[in-house]
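Data first, discussion second: the structure below is written as structure tokens.
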Amino acid sequence: MNQSDKCNSICAVCGAGETGLFVTRELVRYGYAVIVIDIDPGALKIAADIGENVTDIQGNCLTDSILKKADLVNVQALFCVLPDDRSNVFLSLSARRINPELEIYSVASDISAERKLKLVGARRTVNQDTAEGFRISNEMIRPNVARFLDRIVFARENTEGYISIEISKGCPSIGWTLKKLKLNGKTGVVIIAVMRTDDSYVYSPSGDFRLSENDKLICFGTKDEKESIKKLLWSSKQDRTDRWKRLRHKFKK
């Protein structure tokens with residue numbers, strides 16, 4: 151899809167939680183107009199502030215009146231990011247009835263929910279994870295990449311997937327470069343992007359990339375590898391202290 155097509159394309163995001171806002175930012179960043187639906191006026195205010203291409207609708211997106219207000223007949227894609235599977239299944243079914251050609255993307259908590267969502271018309275489903283917004287937006291924005299990732303990384307018999315790790319305040323690895331941390335060599339994960347505090351991304355960061363407070367590492371890996379990374383990031387201070395002690399001991403000799 152070229153840029154002019156994107157500007158004429160409208161997407162609807164049902165749910166303005168963390169994942170919904172993430173998806174909205176990504177869609178706006180790539181030139182799509184977005185309708186965000188949520189009951190919470192505070193969440194909608196945050197969504198509206200993302201950009202002038204965002205239209206907010208307050209109400210229950212599981213009701214026909216709100217879905218009609220969103221004019222799903224003229225919407226290209228719907229993102230179902232409500233907090234529970236039952237709501238996402240019902241929403242997918244209702245939306246498919248209104249617009250049989252609608253591209254529906256949804257989060258799901260497990261394989262059973264994914265099957266139900268696909269039965270009622272969801273084109274693509276994404277297992278819930280801390281980095282789910284990254285993947286579900288990629289399903290539409292960069293579909294060829296997403297399909298490739300499905301074949302290589304997200305095979306169902308595999309336990310790997312998108313994982314995210316936040317470099318929170320006080321993390322001893324703040325200021326360190328990726329080369330110095332050697333995360334890939336020590337844990338086996340692949341860092342595909344870093345989300346900065348301004349919601350921008352650094353894709354395929356080089357070894358010279360230096361970590362800052364509140365950066366989010368988005369990686370390919372398992373839950374066990376995620377824990378290994380977190381331990382490595384938070385043990386860096388101790389490692390430096392231990393090395394310094396060894397050096398001091400060596401020079402004293």
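Position in the sequence shown (from 1) plus 150 gives the number in the working numbering.
Note that the Cβ used here is the ideal one computed from N, Cα and C, for glycine as well.
Between the C-alpha atoms of Leu299 and Arg179, what's the straight-line distance to the nearest angstrom?
Because the pLDDT at Leu299 is just 42, under 50, the model does not fix this residue reliably, and the value given afterwards should be weighed accordingly. Whole-angstrom Cα-Cα distance: 22 Å.
Relative to the alpha-carbon of Tyr353, which residue among Ile342, Ser362, Arg346 and Arg360 has its alpha-carbon at the smallest distance?
Comparing alpha carbon positions, the residue from Ile342, Ser362, Arg346 and Arg360 closest to Tyr353 is Ile342.
Backbone secondary structure at Arg346 - three-state DSSP
For Arg346, the secondary structure class from DSSP, reduced to helix, strand or coil, is coil.
Thinking C-beta only, is Ile324 closer than 9 Å to Leu361?
At a Cβ-Cβ threshold of 9 Å, Leu361 and Ile324 count as neighbours.
Would you decide whether Arg306 is buried or exposed? Buried here means 16 or more other CB atoms lie within 10 Å of its CB.
Note that Arg306 scores a pLDDT of 35, beneath 50, so its modelled location is shaky; the value from the coordinates is reported in the next line. It is exposed - the Cβ of Arg306 has fewer than 16 other Cβ atoms within 10 Å.
Backbone secondary structure at Asp206 - three-state DSSP
The answer is strand: DSSP assigns Asp206 an E or B state.
Exposed unless 16 or more other CB atoms sit within 10 angstroms - verdict on Cys161:
With 16 or more other Cβ atoms inside 10 Å of its own Cβ, Cys161 counts as buried.
For Lys330, which option in Ser356, Ser318 and Gly320 has the closest C-alpha, if you only look at C-alpha atoms?
The residue with the shortest Cα to Cα distance from Lys330 is Ser356.
How many whole angstroms separate the CB atoms of Met345 and Asp365, which I take to be in contact at a CB cut-off of 8 Å?
Yes, they are in contact, since the Cβ atoms of Met345 and Asp365 sit about 7 Å apart, within 8 Å.
Residue ranges of each beta strand (DSSP E) within the segment 213 to 239, 3 or longer
As summarised for the segment 213 to 239, the continuous beta strand (DSSP E) elements at least 3 residues long and confined to that stretch are 227 to 230, given in chain order.
If we ignore side chains and look at the alpha-carbon of each, how far apart do Ser259 and Asp235 end up?
Linking Ser259 to Asp235 through their CA atoms gives a straight-line distance of about 7 Å.
Proximal residues to Glu176 (C-beta, below 6 Å), its chain only, five neighbours per side dropped:
Here the set comprises Ser287.
Mark Asn440 as exposed unless 16 or more other C-beta atoms lie within 10 angstroms of its C-beta, in which case mark it buried.
Past the boundaries of the shown model lies residue 440; the chain is included only from 151 to 403, so the question cannot be answered.
Check for me: the alpha helix (DSSP H) holding Ser133 runs from which residue to which?
Residue 133 cannot be examined here, being either before or after the span of the chain that is shown, 151 to 403.
Buried or exposed: where does Ser242 fall if 16 or more other Cβ atoms within 10 Å of its Cβ makes it buried?
By the neighbour-count criterion, in which 16 or more other beta carbons inside 10 Å mark a residue as buried, Ser242 falls on the buried side.
Leaving out the 5 sequence neighbours to the left and right, which residues in its chain are closer than 6 Å to Val231 when beta-carbon positions are compared?
Taken in chain order, the residues that qualify are Gly165, Thr169, Gly170 and Val257.
Take the Cβ of Asn238 as the centre, count every other Cβ of all protein chains shown within 10 Å, and call the residue buried at 16 or more, exposed below.
Classification for Asn238: buried.
Rounded to whole angstroms, how far is the Cβ of Gly209 from the Cβ of Ala193, which I believe are closer than 8 Å?
Contact doesn't hold; Cβ gap of about 12 Å is too wide.
Here's a check: name, in chain order, each residue in its chain whose Cβ is nearer than 6 Å to the Cβ of Thr275, leaving out the five neighbours to either side.
Only Ser256, Ala258, Glu264 and Leu267 meet the Cβ criterion.
Under the DSSP definition of a beta bridge, which residues are partnered with Val340?
In DSSP, Val340 forms a bridge with Phe370.
Should Val340 and Ile379 be called a contact, given that it needs their Cβ atoms to be closer than 9 Å?
No.
Glu375 and Cys369: beta carbons closer than 9 Å?
Here Glu375 is near Cys369, since their CB atoms are less than 9 Å apart.
On the DSSP bridge assignment, give the partners of Thr327 in chain order.
Beta-bridge pairing by DSSP links Thr327 to Arg360.
Beta-bridge partners of Ser256, as assigned by DSSP:
Its beta-bridge partners are Cys230 and Thr275.
Ile196 - DSSP class collapsed to helix/strand/coil
The answer is helix: DSSP assigns Ile196 an H, G or I state.
In whole angstroms, give me the CA-to-CA distance for Leu383 and Leu328.
C-alpha separation (whole angstroms): 10 Å.
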